[in-house]
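Below is one structure, written out as structure tokens; the observations come after it.
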Amino acid sequence: MKTSGYIATAGNQGLLKILKLPTSTQNGNSSAATASTNLSVNQNLDGHSGVVYIAEWNEFYQKLTTTDSNGLIIVWLTQGDSWYEEMINNRNKSVVVGMAWSHNGAKIAIAYEDGLLL
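In UniProt numbering, the protein residues as written are 1 to 118.
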């Protein structure tokens, strides 16, 4: 399973939802269903309290990494159709302004507002 079958939506007060994209099979090919099909909320993810403003997918390991206005970083892991916190980190000094996973999903680069790069 790839995480490409999901959409993450986020917002104020820690709002973070995972939507599962509907699929249909036509002529043996699996594709996203038409825009008129309703998306279903797969799961509301609890853990953030601030505005969630960055979400980065790790396709290789089927993970989602999110950060909020308080500097909290959460790595979410999918098991079946459910999502769980795998790791939580808060540097308590600065907020994250950018994140990117390496091509093989083994490493993540994190940029903080105060200039620190990890």
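Backbone N, C-alpha and C fix where the C-beta goes; we use that ideal spot for every residue, glycine too.
- Bridge partners of Ala8 according to DSSP: Ile18.
- Burial of Gly14 is indicated by the presence of at least 16 other C-beta atoms within 10 angstroms of its C-beta.
- Nearest neighbour of Ile88 by Cα position, chosen from Thr65, Leu21 and Gly105, turns out to be Thr65.
- In the DSSP assignment, Ala100 forms a beta bridge with Ala109.
- For Glu59, there is no enclosing beta strand (DSSP E), as DSSP marks it with neither H nor E.
- Around the C-beta of His103, fewer than 16 other C-beta atoms lie within 10 Å, and the residue is accordingly described as exposed.
- Note on Tyr84: under 16 other CB atoms within 10 angstroms of its CB, so exposed under the neighbour-count rule.
- Per the C-alpha coordinates, the member of Ile74, Ala100 and Asp46 positioned closest to Glu59 is Ala100.
- By the Cβ neighbour-count rule, Leu16 is buried, with 16 or more other Cβ atoms within 10 Å of its own.
- Going by DSSP, Ser94 is part of no beta strand (DSSP E) at all; its letter is neither H nor E.
- For the pair Leu19 and Ser82, the Cα-to-Cα distance works out to about 11 angstroms.
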